[in-house]
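For the sequence shown, my numbering gives the first residue as 22, with consecutive numbering after it. Ideal Cβ placement from N, Cα and C applies to all residues, glycine included. I have placed the structure first, in the form of structure tokens, so that the comments after it can refer back to it.
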Amino acid sequence: MLDCGDAITTVESPRALVLSRRPALPLTEAHTRVHAYSADELREARDPDAWAGGLQPFDMLGPHQLLKRLGNGGMAEVFLARSTLGQGVEKLVALKMVLPEFGPDTCFASLFLNEARISATLQHPNLVQVFAFGEAAGRPYLSMEFVHGRSLADLVAAARKKGERLPLAFGVNAAIGLCRALEYVHEKRDLDGRPLQLVHRDVSAGNVLVSDHGELKLVDFGVASATALADTSGLVVGKRGYMSPEQSRGGTPSPAWDLFSLGVLLHELLTLARPFDKGSAPDPTAPLGGPLILRLPSQLEPNIPSLLDRAVLWAIDPEPKRRAPSARALRELLEEVRRKLPPCEIAEVVAAYFGEQLEGEQRQNEELIARSRQLAPPRRVSGTMPLLRPLRAVRRRIVS
């Protein structure tokens with residue numbers, strides 16, 4: 022059982038949302054949040070094909086008309102929606118909505134609100150843009166840029182299934198795009214010119230989307246933090262397989278955490294494997310940050326040049342002070358590597374693995390839009406709120 026009132030405290034601030042807690046919670050590879058219950062049990066309790074909270078296709082949530090569900094997880098589900106901006110202007114958006122069991126007064130909704138607060142201040146070509154934050158039927162939601170494509174995790178899995186490597190230049194191009202995103206995030210300032218010192222804390226293959234047009238977007242700032250407000254709680258968030266040793270121990274977030282995670286991801290894109298091997302499958306209940314055995318990219322793929330080995334090692338050095346000093350410095354080294362590789366467009370790789378699927382999904386989306394325009398006036402789901410409303414006390418209990 023997790024008592025959100027004891028486990029996570031939210032502190033209202035125009036610059037950040039600080040998370041603190043008492044004891045460590047178990048963290049597994051599958052977690053994208055700190056969970057003290059089985060998300061699988063929650064999913065099994067409801068019809069997997071049914072939309073949570075009684076929502077139906079073509080329902081209206083404010084200016085957003087739901088078209089289909091794109092996915093669901095332990096905390097939220099994501100919908101494709103048609104958003105009306107006025108004067109006949111429309112756009113497709115991804116609508117991320119908290120599940121009913123994590124209503125607006127739970128710690129999970131606080132993480133969600135953290136994502137809204139941080140993401141709303143960010144605008145960069147390599148970050149998914151957040152347009153609005155609202156609430157319908159007691160469920161907070163985010164209206165975000167819709168990326169028609171797949172995640173890097175999907176591409177890695179597809180390449181593994183076919184028994185082939187992704188092009189080296191693809192991995193390098195993806196890492197350069199992520200370096201640009203992290204440069205922007207780490208150097209972001211508030212309206213008064215003060216550094217926000219943002220740290221994403223969850224850079225991983227599942228949190229990077231690539232589109233059919235070759236766009237690359239880092240997503241999910243739910244566990245991001247602003248180190249300008251010191252986090253001394255030791256809260257461990259993120260994904261085990263991408264964490265630096267110091268992140269796994271908790272403490273004050275640092276940009277070096279994100280660089281380490283990016284280095285792990287680059288290694289994974291180059292070799293389809295992560296760089297550290299403990300000799301057995303990771304034990305989700307074991308302490309984090311144990312001894313690590315490094316596998317160089319060139320040990321798994323002989324065609325990888327030594328300069329690319331150097332870039333990966335510079336990002337994943339166990340000692341933070343020996344890592345690349347910034348995302349900018351790592352990007353400059355990777356750009357030097359890219360000049361020596363044959364060209365490779367991200368869109369070409371996405372099309373090679375998922376082109377037919379994405380074309381089919383595009384046709385389905387167009388059919389849904391046509392249907393939505395032919396229907397009688399849709400059902401409206403009540404309840405909206407401004408982008409940044411005051412936080413209420415977090416005191417609801419979540420029972421496993």
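- Task: Rounded to whole angstroms, what's the CA-CA distance from Pro266 to Gly284? Just pull it up for me.
- Result: Against the sequence shown, residue 266 aligns to sequence position 245. Against the sequence shown, residue 284 aligns to sequence position 263. Roughly 13 Å separates the two Cα atoms.
- Message: Excluding the 5 residues flanking Met96 on each side, which residues of the same chain have their C-beta closer than 7 Å to its C-beta?
- Response: Taking the first residue of the sequence shown as position 1, residue 96 is located at position 75. Result list for Met96: Arg54, Val119, Leu120, Phe123 and Phe129, in chain order.
- Item | Among Asp80, Val402 and Gln218, the one whose alpha carbon lies nearest that of Thr273 | As a position in the sequence shown, residue 273 is number 252, starting the count at 1. Residue Gln218 is the option with its Cα nearest to Thr273.
- Minimum length 4: unbroken alpha helix (DSSP H) runs contained in the region 271 to 351: 276 to 292, 318 to 321 and 327 to 337
- Message: For the ligand GDP, I want to know if Phe191 counts as a neighbour, meaning its beta carbon is within less than 7 Å of at least one of the ligand's heavy atoms.
- Response: You won't find the ligand GDP in this model; it holds no ligand whatsoever.
- Query: Considering only C-alpha positions, which residue in the set Gly107, Leu91 and Arg210 is nearest to Thr142?
  - Reply: Reading the sequence shown from its first residue, position 121 is the one you call residue 142. Of Gly107, Leu91 and Arg210, the residue nearest in Cα terms is Arg210.
- Assumed close pair Cys365, Ala190 - CB separation to whole angstroms, cut-off 8 Å: Here the question's residue 365 lines up with position 344 in the sequence shown. Here the question's residue 190 lines up with position 169 in the sequence shown. Cys365 to Ala190, Cβ: 4 Å. Contact.
- Determine, using beta carbons only, whether Thr292 and Pro318 come nearer to each other than 8 Å. Translated into positions along the sequence shown, residue 292 becomes position 271. Translated into positions along the sequence shown, residue 318 becomes position 297. For Thr292 and Pro318, yes; Cβs fall inside 8 Å.
- Item | Residues of its chain near Ala356, where Cβ-Cβ distance is below 7 Å and the 5 sequence neighbours each way are ignored | Counting from one through the sequence shown, the residue named residue 356 turns up at place 335. A quick correction: the sequence has Glu, not Ala, at residue 356. Closer than 7 Å at Cβ, skipping near neighbours: Ile197.
- Item | alpha helix (DSSP H) segment containing Asn135, residue limits | Residue numbering aside, residue 135 sits at position 114 when the sequence shown is read from its first letter. Segment Cys128 to Ser140, the alpha helix (DSSP H) holding Asn135.
- Beta-carbon contacts of Gln383 that lie in its chain and below 6 Å, excluding the five residues immediately before and after: Sequence index remark: in the sequence shown, residue 383 carries index 362 (1-based). Around Gln383: no qualifying Cβ.
- Flag this pair as yes or no: are the beta carbons of Thr105 and Pro84 separated by less than 8 Å? Here residue 105 refers to the residue found at position 84 of the sequence shown. Here residue 84 refers to the residue found at position 63 of the sequence shown. Yes, the Cβ-Cβ distance between Thr105 and Pro84 is below 8 Å.
- Query: Mind checking Ser327: buried by the 16 CB within 10 Å criterion, or exposed?
  - Reply: Along the sequence shown, read from residue 1 onward, the residue named residue 327 stands at position 306. With fewer than 16 Cβ atoms within 10 Å of its Cβ, Ser327 is classed as exposed.
- Exposure of Gln268, with buried meaning 16 or more beta-carbon neighbours within 10 Å: The residue labelled residue 268 in the question sits at position 247 within the sequence shown. Result: buried.
- Query: What did DSSP end up calling Lys361 once you bin it into helix, strand or coil?
  - Reply: Counting from one through the sequence shown, the residue named residue 361 turns up at place 340. Looking at Lys361 - three-state DSSP - the assignment turns out to be coil, as it is neither helix nor strand.
- Query: Per DSSP, which one or two residues make a beta bridge with Glu166?
  - Reply: The residue labelled residue 166 in the question sits at position 145 within the sequence shown. DSSP output for Glu166 lists Val114 as bridge partner(s).
- Query: Which whole-angstrom value is the C-beta distance of Ala345 and Leu321, which I expect to be below 8 Å?
  - Reply: Residue 345 sits at position 324 when you count from the first residue of the sequence shown. Residue 321 sits at position 300 when you count from the first residue of the sequence shown. Going by Cβ atoms, the distance from Ala345 to Leu321 rounds to 22 Å, so no, they are not a contact pair.
- Buried or exposed (CB count within 10 angstroms, at least 16 for buried), Asn135: Within the sequence shown, the letter at position 114 stands for residue 135. Buried, since its Cβ has 16 or more Cβ neighbours within 10 Å.
- DSSP puts Gly376 in a beta bridge; with which residues? On the sequence shown, position 355 is the one that residue 376 refers to. Bridge partners of Gly376: none, in fact.
- Task: Just mark Glu156 as buried or exposed, buried being the case when its beta carbon has 16 or more other beta carbons within 10 Å.
- Result: Taking the first residue of the sequence shown as position 1, residue 156 is located at position 135. Classification of Glu156: buried, given that the 10 Å Cβ count is 16 or more.
- Could you check what DSSP says for Pro121 in three-state terms: helix, strand or coil? In the sequence shown, the residue the question calls residue 121 occupies position 100. Reduced to three states, the DSSP call for Pro121 is helix.
- Query: Under the DSSP definition of a beta bridge, which residues are partnered with Lys238?
  - Reply: Taking the first residue of the sequence shown as 1, we reach residue 238 at position 217. Its beta-bridge partners are Leu230.
- Message: Quick check on the DSSP output: the alpha helix (DSSP H) that includes Ala196 runs from which residue to which?
- Response: Walking along the sequence shown from the start, residue 196 turns up at place 175. Unbroken alpha helix (DSSP H) run through Ala196: Leu189 to Glu208.
- Query: Does the region 330 to 339 come close enough to the region 157 to 166 to have 3 or more Cβ pairs within less than 8 Å?
  - Reply: no
- Message: Assuming the contact rule is C-beta atoms closer than 8 Å, Gly170 and Val231 should be a hit. Round their C-beta distance to whole Å, please.
- Response: Against the sequence shown, residue 170 aligns to sequence position 149. Against the sequence shown, residue 231 aligns to sequence position 210. The Cβ separation is near 5 Å, so the contact holds.
- Got a sec? Which residues, its chain only, sit under 6 Å from Leu173 by beta carbon, not counting five neighbours each side? Here residue 173 corresponds to residue number 152 of the sequence shown, with the count starting at 1. Same-chain partners within the cutoff: Ala226 and Val229.
- Task: Check Val370 in the structure and name its three-state DSSP category.
- Result: Counting from one through the sequence shown, the residue named residue 370 turns up at place 349. Looking at Val370 - three-state DSSP - the assignment turns out to be helix.
- Message: Restricting to Cα atoms, I'd like to know which of Lys182, Lys117, Val177 and Lys183 is closest to Phe154.
- Response: Position 133 of the sequence shown holds residue 154. With distances taken between Cα atoms, Phe154 lies closest to Lys117.
- Task: Would you mind sorting Pro305 into buried or exposed? The rule is 16 or more other CB atoms within 10 Å of its CB.
- Result: The count along the sequence shown starts at 1 and reaches residue 305 at position 284. Residue confidence for Pro305 is low, a pLDDT of 36 falling below 50, so the modelled location carries little weight and cannot support an answer.
- Can you say whether Lys182 is buried or exposed, counting buried as having 16 or more other CB atoms within 10 angstroms of its CB? As a working note, residue 182 is residue 161 in the sequence shown. Looking at its Cβ environment, which holds fewer than 16 other Cβ atoms inside 10 Å, Lys182 is exposed.
- Message: Out of Asp241, Leu237 and Val358, which one is the CA nearest neighbour of Val224?
- Response: Indexing the sequence shown from 1 puts residue 224 at position 203. When each option's Cα is compared against that of Val224, the closest is Asp241.
- Within 8 Å, strictly: CB atoms of Leu427 and Asp279: With the chain running from 22 to 421 in the structure shown, residue 427 is simply not present.
- Check Ser104 in the structure and name its three-state DSSP category. By 1-based counting over the sequence shown, the position of residue 104 is 83. Reduced to three states, the DSSP call for Ser104 is strand.
- Would you report the Cα separation of Leu148 and Leu237, rounded to the nearest angstrom? As a position in the sequence shown, residue 148 is number 127, starting the count at 1. As a position in the sequence shown, residue 237 is number 216, starting the count at 1. So the alpha carbons of these two residues sit roughly 8 Å apart.
- Query: Hey, quick one: how far does the alpha helix (DSSP H) through Ala179 stretch, first residue to last?
  - Reply: Here residue 179 corresponds to residue number 158 of the sequence shown, with the count starting at 1. Ala179 -> alpha helix (DSSP H) spans Leu173 to Lys183.
- Item | Backbone CA spacing between Leu362 and Gly109 [nearest angstrom] | Locating residue 362 in the sequence shown gives position 341, where the first residue counts as 1. Locating residue 109 in the sequence shown gives position 88, where the first residue counts as 1. Each residue's alpha carbon lies about 46 Å from the other.
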